[in-house]
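Numbering (mature numbering (1 follows the signal peptide of the UniProt record, and there is no 0)) for the sequence shown: -28 to -1, 1 to 877. This report concerns only the one structure given below.
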Amino acid sequence: MPRCHPFGTRTALAAIATTLCAFTSLLAAEPTVTKLWPTTPPGPQAFADGPEYDRQRPTDRHVGGGTVMKWTNVAEPELHVFLPPPEKANGAACVICPGGGFHILAWDLEGTEVARWLNDHGIAAILLKYRTPTGKHGKDDRWKGPVMDAQRALSLARANAKTWHLDPDRIGILGFSAGGKTAANTALFAGKRLYEPIDDADSESCAANFAILVYPAWLTDDQGKLLKDYRVDKNTPPIFFAHAADDPITCESSAELFLALKRAKVPSELHVYPTGGHGYGLRPDWHRVTRWPRDAAAWLHDQGMLEPVAKASDHKGSPVDHLPPYVRRLTHFGKRPHWSADGKRILFVEKPRGEVFAFDRDTGSIRPITLAFNHHGFSKAITLADGNILLLGPSHPASGSDENSTATNDLFLLEKSVTKPPVPLGLRGVESVAASPDSMTIAWTEQPVLTTDGRETPPKLYMANVEFSDDAPRLTERHLAFDGASPSSIHPDSLEVAGFVAPDDQRLLVSADVDGHREALLLDTKTGELRNLTRSEKRVDTPVAVFPDGREALVASAAVVDDVPGGTDLHKLALDERGSMQRLTDAATYPGYAASEGVLSPDGRFLCFAIDKADGERSTGQGLFVMNLPLAEKSLDAPRTYSTKPHPDDDVTKRIATAWKKREPLPRISDASSSGGDALNQAYRVQRRWLQQTLDAKEIGGVKGGLVSPRVQARLGISEPLGGILRKSGRRDGTKKSTIALADWPGLKIETEIAFIIGKPITRRLTTGEEFKAHVRAVAPAIELPAGQLAGDGPPTAADIAAINIGAAAYLVGKEVKPDTLDPRAVKVTLTRDGESLHTGSGDDCWKGPWETGLWLANFAFDQGIDLKPGQVILSGALGKMHPGQPGRYVANFGDLGTIEFTLK
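Following this line, the structure appears as structure tokens:
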């Protein structure tokens, strides 16, 4: 995905949001409307002073760029039933309770727009127009009538389950604000009806099978305790909460109910987002809280309330005739597209062993580029970073059994002028090839050959640089980057290369057959280590491309049913080994069709792919298509994981996280690792995984360096610092004389360091020290207080230290100084305890220098998936020695940079 927001201003975002909501309403079918009660509703009535009407005024606050309908005077409650299209319906249903303080109903914001969203996920939406206003009944009774309406709605849904094609065991309730109070009460009463049954419909259960509460109101009393009416037990349904921390209706009420659910072991999720306030519905804004629908969809899936968007047998016709608005057809023929490095054209072949064509983005023209040369057809064309073109194809006519074989494929180079015939590069039997988007490095695999005993040779992967000498291309620095016969934790039966992973061309995305299953893997060409990204025994996963930021990959994935794979669709796969995939195309939901051969534009905003239709033993191409990924994002289902095998790092990750929480000695990764030369990379994976279990993004304070002394690095066999993640909760104000209790931090130590205070967000890798300086608003003196002890005896390895996050615990940051007023390398620091000198140090002690270390750590943060934000810090690493924490008064004098005083006791 692109890392920037697709809209430039709040105004543009608001306008687009409003347009989309209106567009959705125009497309959707009208709901079926039915009266909720046959006669006067039981219980407290609404204080209606006239007919129903919309109470909104021109001066009312806009939400997400649009107005909000405020329906009131509802004396006769109704159900508005929105059924999803048959091809999407999965049998689940949800009663919607809009909010409005029991005075009005936010009918579109928290009603009809929510119904469309549920329908998009295959869920029948039952929008409840409950009685309102009821506020005059007082806070103890105003909710009773609406809850009776909600209970009646659940019973009616089950009574009409056959007609509406619902599963009676998968009917839930969703509410906002006062509607959230209504939904919460309905869920917590667990089928205990507040009124006497009035007809046969009330013989059906009024219990919810799940609940979604979005900024729910009035769940606690004046003392912040959960209301006494609430009983949470094994009969309480699972509940999802979404709340903003700055909501005037405190999120602590949601937390109180969540904790009660946790104690009762009811599977629930609480999502508290940093900002967003109240009353945003589903409309997107800059606040992260407006992403709650995606989190809720993922939770619904985990609860078994969602099934695949459609079964192949449900769709009729062709996906080409049902393209979503964010996909357009590019051509009516063609296969294996490849985007040029400048993004201006797409190369493709008309068919396997055919001509190569080029689509021009600016003009829309399509022209052949190999028609003027004699050749025997090409299977693939790839643009190199300099604009020249790699061609894959045979050097002699195919015949007999090798017509569809890769054994005769050679590699050629075609100059970007396409005025001269392609030149062979001397490679035969090439099975797959990939080119770096940033350099002239290529990687390829060769077709395995049979040995004398009838076995295939282990797969091998090679790399080389394409250079020109005397105007002729040649391969230099050719070397074997992976040998399937070498020791490894994974032994693939086959191997194909899909792409280079940013930023350093050291890692490659590959596909391989592992234990009889096609998987997506990450190959570190420096260490030779393979990491399985998908680990699924029930799917065929073939990676085809890498997103430009190096964090995600494009995978052609198909489900395997009764040992037979179905049609493929393209998915976005996270490269963090969680196996999380998000479906991008739906061609395979049409019988006989598949989407594959995807390629990404250089900016990652567009996806070009092919659609094929199976025709017996052959497939017929339907042409090439382009998807606008930012436009598609809101329409895509939430990511999910298909992994069926445990992750190899799970055990040591769990043991470190458990030991940290219990304040016990931390396990050494070297005692459990089987990664060999990949031990440090595994350590960072473990570091990231166990920290993700103990904190989230808003709790990150920055990053820190460790082992910055070249002398220490040499002793441990490394050539650069270690990186760790700082907890925001560990930060102390170094401008004050802080007192820190040693008992709070077992094994605490003391280091003097320099802090860089971030001024501009860092959302990409930086390349120079000057570029890093432009993102720093200040430098400051700092004291780091790492803590924790390693289990076992003997000196630790660098991987042991990295895996436990270099002991990151507490740290003090002093007064900020403008970065252009001093040279951090020239900073001198002295540390004393109770007047006794402990050490002197300088910025010169820090690896290649403080700025260079800061740059390295900024890129470390990015590689760990952390976008550093203003106010967060980077700690340079120790200037001078590290000392064990002992009681006393400490003074660290950094000269012109300032002083920090603190006490340990």
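We treat Cβ as the ideally placed atom computed from N, Cα and C, and that holds for glycine.
With three or more C-beta pairs closer than 8 Å as the rule, is the stretch 244 to 252 touching the stretch 200 to 212?
Segment contact: the stretch 200 to 212 against the stretch 244 to 252, fewer than three CB-CB distances shorter than 8 Å; contact not assigned.
In the DSSP assignment, what are the bridge partners of TRP311?
ILE318.
Rounded to whole angstroms, what's the CA-CA distance from ALA444 to ARG450? Just pull it up for me.
Spanning the two alpha carbons is a distance of roughly 17 Å.
ARG704 and TYR783: beta carbons closer than 8 Å?
It is a contact, given that the beta carbons lie within the stated cut-off.
Length of the line joining the Cα atoms of GLY456 and PRO431
Near 5 Å, if we compare the C-alpha coordinates of PRO431 and GLY456.
Which of the three DSSP states, helix, strand or coil, is assigned to ILE778?
Looking at ILE778 - three-state DSSP - the assignment turns out to be helix.
Considering only DSSP beta bridges, list what ILE672 is partnered with.
In DSSP, ILE672 forms a bridge with ARG699.
Do VAL40 and ARG103 have their CB atoms nearer than 8 Å?
Between VAL40 and ARG103, the C-beta gap is not smaller than 8 Å, which leaves the two residues out of contact.
Using a Cβ-Cβ cut-off of 6 Å (strictly less than) and excluding sequence neighbours within five positions of PHE54, which residues of its own chain qualify?
Residues PRO3, ALA87, ASN91, ALA97 of the same chain have their beta carbon placed closer than 6 Å to that of PHE54, with the five preceding and five following residues left out of the count.
Using the Cα positions of PRO718 and TYR245, report the straight-line distance between them to the nearest angstrom.
Going from the Cα of PRO718 to the Cα of TYR245 covers about 32 Å.
Helix, strand or coil, according to DSSP, for MET435 in the structure here?
Note: MET435 maps to strand in three-state DSSP.
Is the separation between the beta-carbon of PRO70 and that of PHE148 shorter than 8 Å?
Their beta carbons are under 8 Å apart, which means PRO70 touches PHE148 by this criterion.
Which same chain residues, not among the five before or five after GLU781, have their C-beta less than 8 Å away from its C-beta?
One point to set straight first is that residue 781 is Ala, not Glu, in the sequence displayed. So the qualifying residues of the chain are ARG699, GLY702, TRP717, LEU720, LEU757, PRO758, ALA759, GLY760.
Are there 16 or more other CB atoms within 10 angstroms of the CB of LEU(-2), so buried, or fewer, so exposed?
Residue confidence is low: LEU(-2) scores 34 on pLDDT, short of 50, so the model does not pin down where it sits. Its coordinate-derived value is still stated next. Exposed, by the Cβ-count rule.
At least three beta-carbon pairs within less than 8 Å, the stretch 837 to 849 to the stretch 671 to 688:
The stretch 837 to 849 vs the stretch 671 to 688: in contact.
Runs of beta strand (DSSP E) lying entirely within the stretch 66 to 121, each at least 3 residues, in chain order:
Under the rule that a run must span 3 or more residues, the beta strand (DSSP E) segments found entirely inside the stretch 66 to 121 read 96 to 101.
So ILE221 packs on ALA268, CB below 8 Å; how close in whole Å?
Not really, about 19 Å apart at Cβ, beyond 8 Å.
Just verifying my parser: in three-state terms, what is the DSSP assignment at VAL261?
Helix at VAL261.
GLY826 versus LEU242 - alpha carbon distance:
One C-alpha to the other measures close to 35 Å.
For THR630 and ILE776, I'd like the C-alpha separation in whole angstroms.
Distance between the alpha carbons of THR630 and ILE776 is about 12 Å.
What runs of the beta strand (DSSP E), each 3 residues or longer, lie entirely inside the stretch 456 to 517?
Listed in chain order, the complete beta strand (DSSP E) runs (minimum 3 residues) inside the stretch 456 to 517 are 467 to 473, 479 to 486, 489 to 496, 501 to 504.
Nearest CA to the CA of MET599: which residue from GLY564, THR557, THR561?
Nearest C-alpha to MET599: THR557.
How would you call residue 884, buried or exposed, if buried means at least 16 neighbouring beta carbons within 10 angstroms?
Any question about residue 884 goes unanswered here, given that the chain covers just -28 to 877.
Go ahead and label ASP792 buried or exposed: buried means 16 or more other beta carbons lie within 10 angstroms of its beta carbon, across all protein chains shown.
A residue is called buried once 16 or more other Cβ atoms fall within 10 Å of its Cβ, and ASP792, having fewer, is exposed.
For my contact list, ARG797 and ASP772 are in at a C-beta cut-off of 8 Å; report their separation, rounded to the angstrom.
Not really, about 30 Å apart at Cβ, beyond 8 Å.
Separation of ASP623 from GLU50, as counted between CA atoms
Cα to Cα, GLU50 sits roughly 53 Å from ASP623.
Is the Cβ-Cβ distance between VAL402 and LEU385 less than 8 Å?
The Cβ atoms of VAL402 and LEU385 do not sit closer than 8 Å to each other.
Would you say ASN62 and ILE95 are within 8 Å of each other, going by their C-beta atoms?
Between ASN62 and ILE95, the C-beta spacing is below 8 Å.
Do you know how far the Cα of PRO393 is from the Cα of PHE345?
For PHE345 and PRO393, the distance between alpha carbons rounds to 6 Å.
Candidates SER568, ASP174, ALA353: closest to LYS388 by CA position:
The shortest C-alpha separation from LYS388 is found at ALA353.
Reduced DSSP secondary structure (H/G/I, E/B, other) of THR(-11):
Low per-residue confidence applies at THR(-11): pLDDT is 35, beneath 50, and the placement is therefore not dependable, though the value from the model is reported in the following sentence. Secondary structure of THR(-11) (DSSP, three-state): helix.
For THR804 versus VAL863, is the C-beta spacing smaller than 8 Å?
In this structure, the beta-carbon distance from THR804 to VAL863 falls below 8 Å.
Looking at the strands, I want to know which residues DSSP matches up with VAL658.
In the DSSP output, where bridge partners are listed per residue, VAL658 has none listed.
In this structure, what does DSSP give as the bridge partners for SER814?
BP columns for SER814 point to LYS800.
What residue range is occupied by the uninterrupted alpha helix (DSSP H) comprising GLY764?
Where GLY764 is concerned, there is no enclosing alpha helix (DSSP H), given that its DSSP letter is neither H nor E.
Endpoints, the alpha helix (DSSP H) within which LYS634 is located:
Taken as a continuous stretch (DSSP letters only), the alpha helix (DSSP H) holding LYS634 covers 622 to 634.
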